[in-house]
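Residue numbers (my numbering): -16 to 173. Note that the Cβ used here is the ideal one computed from N, Cα and C, for glycine as well.
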Amino acid sequence: MFHPSSHMTATAADLPGVSRRLQPAATRINRCATRENKEIKTESDDHKCTRICSDTCVVISAVLALAAAQNPQDAQAQVLAQDSVVNPDGSYQYRYETSNGISAQESGVGGQSAQGSYSYTGEDGVQYTVNYVADENGFQPQGAHLPVDQPAPEHVLRTLELIRANPPRDDPNFSLDALNAAIARLSGKK
């Protein structure tokens, strides 16, 4: 069984369930699994490589395990449509659709705001869609399957009202409009 703290090279037998496409990458990745930054000769060849922290290998191994555990239909998905435009002014838009029911579209101005949606089929066979806006008020997703915000506790609203009455004067990132929007959102008033 593959373990990220070992320093042997993984083989296909060590990685059950990992698709053949991922196995060569997993084999190369597994060569970096010691806790120290030092050169070690691998057992599989005479190649010396500098070992990086095993934390990296743990993360990569987790990604590989997640990829292996996904629906086989997802591994065979084809891109049906894909468009992307990036304009000189920083505005952009993209969209894509895959054969397994995943689709997404987004438009916005880089670093300022974005709005879009994505859809996917859940394990229960239901098609889920999330519409969102991301701006100075944060990421604001909406979907029939998502929980609805509850009003914030009264002490939080009082604190925000106090900040609104006495705004910081030396913070260039402070936005009264953003604070007002947050108060409206947290108080349950849209």
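Fully contained in the region 116 to 143 are the following beta strand (DSSP E) runs of length 3 or more, in chain order: 121 to 125. Excluding sequence positions up to five before and after D66, its CB lies within less than 7 Å of the CB of Y77, R78, all in the same chain and listed in chain order. Here A60 carries a coil assignment [DSSP, helix/strand/coil].
In terms of Cα proximity to E80, the closest of S74, A60, A97 is A60. Closest option to L159, judged by alpha-carbon separation, among G84, R147, D153, S86: R147. Between G126 and T112, the gap from beta carbon to beta carbon is short of 8 Å. Under the three-state reduction of DSSP, R147 is assigned to helix. Of the residues assessed, A165 falls on the buried side of the cut-off, its CB having 16 or more other CB atoms within 10 angstroms. If the five residues before and after V139 are omitted, its C-beta is found closer than 7 Å to the C-beta atoms of L169, all from its own chain and listed in chain order.
Secondary structure at N83: coil, using DSSP grouped into helix, strand and coil.
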